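One structure is given here, and the rest of the page talks about it.
Number of protein chains: 6
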Amino acid sequence: MTLKEWQEYRQRMNEKILGSGHLGIRRFFALDHHAYEAGALSPKVKELLGLVASLVLRCDDCITYHIIRCHQEGVTREEFLEAFNVALVVGGSITIPHLRRAFERLEEVEAAGRSEAAS
Amino acid sequence: MTLKEWQEYRQRMNEKILGSGHLGIRRFFALDHHAYEAGALSPKVKELLGLVASLVLRCDDCITYHIIRCHQEGVTREEFLEAFNVALVVGGSITIPHLRRAFERLEEVEAAGRSEAAS
Amino acid sequence: MTLKEWQEYRQRMNEKILGSGHLGIRRFFALDHHAYEAGALSPKVKELLGLVASLVLRCDDCITYHIIRCHQEGVTREEFLEAFNVALVVGGSITIPHLRRAFERLEEVEAAGRSEAAS
Amino acid sequence: MTLKEWQEYRQRMNEKILGSGHLGIRRFFALDHHAYEAGALSPKVKELLGLVASLVLRCDDCITYHIIRCHQEGVTREEFLEAFNVALVVGGSITIPHLRRAFERLEEVEAAGRSEAAS
Amino acid sequence: MTLKEWQEYRQRMNEKILGSGHLGIRRFFALDHHAYEAGALSPKVKELLGLVASLVLRCDDCITYHIIRCHQEGVTREEFLEAFNVALVVGGSITIPHLRRAFERLEEVEAAGRSEAAS
Amino acid sequence: MTLKEWQEYRQRMNEKILGSGHLGIRRFFALDHHAYEAGALSPKVKELLGLVASLVLRCDDCITYHIIRCHQEGVTREEFLEAFNVALVVGGSITIPHLRRAFERLEEVEAAGRSEAAS
């Protein structure tokens with residue numbers, strides 16, 4: 040699945056979930072959104088927290104989401120590598136397949152950024 | 040187990056593990072140590088990454104360790120609360136018992152800091 | 040993978056596993072089957088237990104299976120939403136990608152039911 | 040830790056967490072509370088969902104909490120055993136140590152109920 | 040909890056579980072027992088498999104059990120260290136607190152063996 | 040994804056990760072490699088440990104990798120079945136979807152071995 044397809048699927052299904060009329064689920068999604076907003080910690084640090092949590096819990100979709108958001112918050116490649124390394128040490132070799140896909144996504148996100156900048 | 044007892048147990052057993060003569064295990068411990076050193080990300084941010092990873096993976100000992108280290112790196116109570124909140128949202132209510140113990144440890148660490156400052 | 044393809048793959052591979060001649064594995068599959076049969080708790084409640092366990096453990100195939108079975112046992116959309124909400128609160132935002140796919144599967148299962156009813 | 044000590048510790052630390060002034064955390068605790076209220080599914084079924092989720096995720100404190108609540112909602116010993124069995128089959132032998140402690144807690148909860156009824 | 044207390048608790052609660060009258064649970068315990076019996080793989084190799092699985096899943100009671108059984112099957116200290124190392128690499132630093140307790144248990148098991156041999 | 044495509048993707052992304060210039064990540068990959076080399080335990084036993092750890096942690100890519108390596112080390116079908124059974128009992132029914140894919144991969148690996156032997 041390309042990054043663009045992933046984003047469309049995510050948005051389409053989130054709309055179905057939020058449109059399902061369950062108040063508890065809607066509120067959970069709102070809490071999830073607010074957790075990464077600026078406060079005592081910056082959005083950049085919070086997105087890095089979300090990225091490392093997603094890596095050690097081994098959730099590819101969550102990793103993709105936080106790579107996109109980290110990139111938007113200005114996380115550099117060197118910073119990504121250090122966050123990946125923390126996750127790898129904490130979570131062990133079982134995270135490596137997710138790290139491979141994370142690298143691929145990071146390249147897609149960087150390429151999309153460059154193509155946007157060029158246009 | 041008090042914070043002090045925990046620290047003594049940790050140090051005593053780490054010495055046994057490192058003294059066991061297994062090169063791979065020694066190297067792993069070294070990698071673990073280096074992962075949190077200053078680099079593209081600061082030790083403070085890296086310790087926060089370690090703390091949130093430990094909370095979502097629900098490891099009380101790891102949480103205690105990173106609370107101590109975060110406190111040493113100057114993480115404020117407001118910053119701790121925001122990191123706890125990210126972990127709670129990512130990891131769900133199953134992390135709440137660990138959050139209770141994290142709050143208790145944080146109070147111990149803060150009290151130890153105050154008593155040290157007073158002397 | 041469509042619901043139909045998923046069911047065919049599941050059945051084909053289960054036959055291979057059961058045909059492999061390992062008694063322990065065969066017995067495990069039998070225990071798994073019996074665990075959801077009527078007893079002190081109804082099959083409907085047991086399938087809901089299986090669904091929520093599958094969501095918090097984040098296993099898409101297991102979620103698909105229990106959505107099919109819950110639907111057969113008469114679980115309504117409102118009941119599905121409440122079970123999803125319990126799983127989301129217990130398991131946290133890391134379960135959201137699985138919830139998106141669960142919603143998609145639920146729509147497929149409901150559509151298959153309607154098409155069957157219409158014919 | 041006895042059941043009573045566990046309940047006191049839980050209440051004391053929950054008050055500290057809720058008193059910490061973090062809105063997101065307070066809201067999460069509210070969502071958690073509401074998830075088990077009567078709706079399309081009964082509190083009894085929802086507490087059973089919480090119990091099985093806690094068993095497969097192997098959280099002793101969560102198991103204790105849901106055993107207390109299930110008992111209050113009238114879950115019988117036969118129903119507990121069937122829920123335990125679903126959790127054991129889904130989660131495997133790694134859940135057995137938690138099942139041992141769950142049995143112990145269930146006996147404590149039943150004994151507390153009898154002593155209350157007798158007085 | 041000493042090794043002896045742990046063994047007594049385990050046996051007492053297993054008897055309660057097996058005496059509870061639930062056929063599925065009894066059968067699961069039998070399957071669990073048979074999984075480690077001699078077959079195409081030796082009990083020694085199977086207990087090592089159980090030990091590493093317990094370490095990466097981070098279950099202290101399961102680790103204790105398989106350390107006892109591995110020791111009975113003649114696993115040497117060097118073999119224990121290599122199995123610990125595989126688990127550490129696969130499961131990451133989050134397994135380290137369990138490794139500390141595993142080392143402590145291993146010393147208890149070795150000491151109990153020596154004291155038995157001496158008498 | 041066929042076995043061949045999987046191997047090419049794995050190799051291509053590993054090269055990117057190792058070429059990223061992060062010393063900690065490179066060292067982790069080296070530790071991971073050395074953990075399975077001959078020592079007090081044979082590579083065959085170590086690969087079986089890696090396989091069972093991968094099954095209970097439910098990582099399809101890791102399972103595929105260790106099936107390939109186990110097959111190279113001469114693990115027979117009967118031995119694979121016994122290792123699968125240990126993983127199934129420890130990890131529970133939640134591992135079954137991974138067991139289905141493991142069986143499929145094992146057949147691919149055996150077929151590739153036969154076709155190589157024939158040429």
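Chains as they are written, first to last, in our numbering: chain A, 40 to 158; chain B, 40 to 158; chain C, 40 to 158; chain D, 40 to 158; chain E, 40 to 158; chain F, 40 to 158. Built from N, CA and C at the ideal position, the CB exists for glycine as well. This structure is a prediction, so every number in the text was calculated from the model and none was measured.
Practice task
State the Cα-Cα distance for the pair G130(D) and G130(F), rounded to the nearest angstrom.
Solution key: 6 angstroms
Practice task
Please state if the CB of E54(E) and the CB of M52(B) are separated by a distance shorter than 8 angstroms.
Solution key: no
Handout entry: Continuous alpha helix (DSSP H) stretch holding C98(C): start and end
Key = That residue, C98(C), is in no alpha helix (DSSP H); it is neither H nor E in DSSP.
Problem - Short Cβ contact (8 angstroms threshold) for D99(C) with H137(C) - result: yes
Exercise for the section: Grab the span of the alpha helix (DSSP H) containing G63(F) for me, first residue to last. Expected result: L62 to H73
Handout entry: Other residues of its chain near L145(C): CB distance less than 7 angstroms, five sequence neighbours each side excluded
Key = I106 and F119
Exercise for the section: Would you mind sorting A92(B) into buried or exposed? The rule is 16 or more other CB atoms within 10 Å of its CB. Expected result: buried
Exercise for the section: Answer with yes or no whether the minimum CB distance from L57(F) to chain E is below 8 angstroms. Expected result: no
Practice task
Would you kindly work out how many angstroms separate the C-alpha atoms of L96(F) and A156(F), rounded to a whole number?
Solution key: 33 angstroms
Handout entry: Cutoff 8 angstroms: F67(C) Cβ touching any chain E Cβ
Key = yes
Handout entry: Helix, strand or coil at M52(A) according to DSSP, with G and I counted as helix
Key = helix
Exercise for the section: My understanding is that A150(B) touches F123(B), with C-beta atoms under 8 angstroms, so please give their C-beta distance in whole angstroms. Expected result: Incorrect: roughly 18 angstroms between the Cβ atoms, too far for contact.
Practice task
Would you kindly work out how many angstroms separate the C-alpha atoms of Q46(D) and I64(D), rounded to a whole number?
Solution key: 20 angstroms
Problem - C-alpha distance - D71(B) paired with A69(D), whole-angstrom precision - result: 37 angstroms
Exercise for the section: Check each residue of the segment 108 to 125 of chain C: if its Cβ is closer than 7 angstroms to any Cβ of chain B, include it; give the result in chain order. Expected result: none
Exercise for the section: Look at the Cβ atom of G78(E), then the Cβ atom of E86(F), and state whether they are nearer than 8 angstroms. Expected result: no
Problem - Spatial distance of R116(C) from R116(D) (CA atoms) - result: 30 angstroms
Handout entry: Limits of the alpha helix (DSSP H) - the one that L138(D) falls within
Key = I135 to A157
Exercise for the section: Round the Cβ separation of I56(C) and R153(F) to the nearest angstrom and send it over; I've been treating them as touching at under 8 angstroms. Expected result: Incorrect: roughly 21 angstroms between the Cβ atoms, too far for contact.
Exercise for the section: Please work out which residues of its chain come closer than 6 angstroms, Cβ to Cβ, to H110(C), disregarding the five sequence neighbours upstream and downstream, and give them in chain order. Expected result: V148
Problem - L80(D) - DSSP class collapsed to helix/strand/coil - result: coil
Practice task
Taking only beta-carbon positions, decide if G63(D) is within less than 8 angstroms of chain C.
Solution key: no
Handout entry: V125(D) beta carbon less than 8 angstroms from that of K83(D)
Key = no
Practice task
Note down the Cα distance separating F67(D) from L88(A), rounded to an integer number of angstroms.
Solution key: 18 angstroms
Handout entry: Inter-residue spacing [alpha-carbon to alpha-carbon] between Y75(D) and S158(A)
Key = 51 angstroms
Problem - Proximity of T134(D) and L90(D) at Cβ, strictly below 8 angstroms - result: no
Problem - Minimum Cβ-Cβ distance from H105(A) to chain D less than 8 angstroms - result: no
Problem - Unbroken alpha helix (DSSP H) run spanning E121(C), endpoints - result: R116 to G130
Exercise for the section: Label L62(B) either buried or exposed according to how many other C-beta atoms from any shown protein chain fall within 10 Å of its C-beta, with 16 as the threshold for buried. Expected result: exposed
Practice task
Just the C-alpha distance for K43(B) and L80(F), rounded to the nearest angstrom, thanks.
Solution key: 38 angstroms
Problem - Cut-off 8 angstroms between Cβ atoms - residues of its own chain near R49(B), not counting five sequence neighbours on either side - result: D100 and Y104
Exercise for the section: With 8 angstroms as the threshold, decide whether the Cβ of G89(E) is near any Cβ in chain A. Expected result: no
Handout entry: Spatial distance of L127(E) from G60(B) (CA atoms)
Key = 15 angstroms
Practice task
Enumerate in chain order the residues of its own chain whose CB-to-CB distance from I102(A) is below 8 angstroms, with the five nearest sequence positions on each side excluded.
Solution key: L90, S93, L94, H137, R140, A141 and R144
Problem - Short CB-CB distance (under 8 angstroms) between R49(F) and chain A - result: yes
Handout entry: Test: H72(D) CB closer than 8 angstroms to a CB of chain A
Key = no
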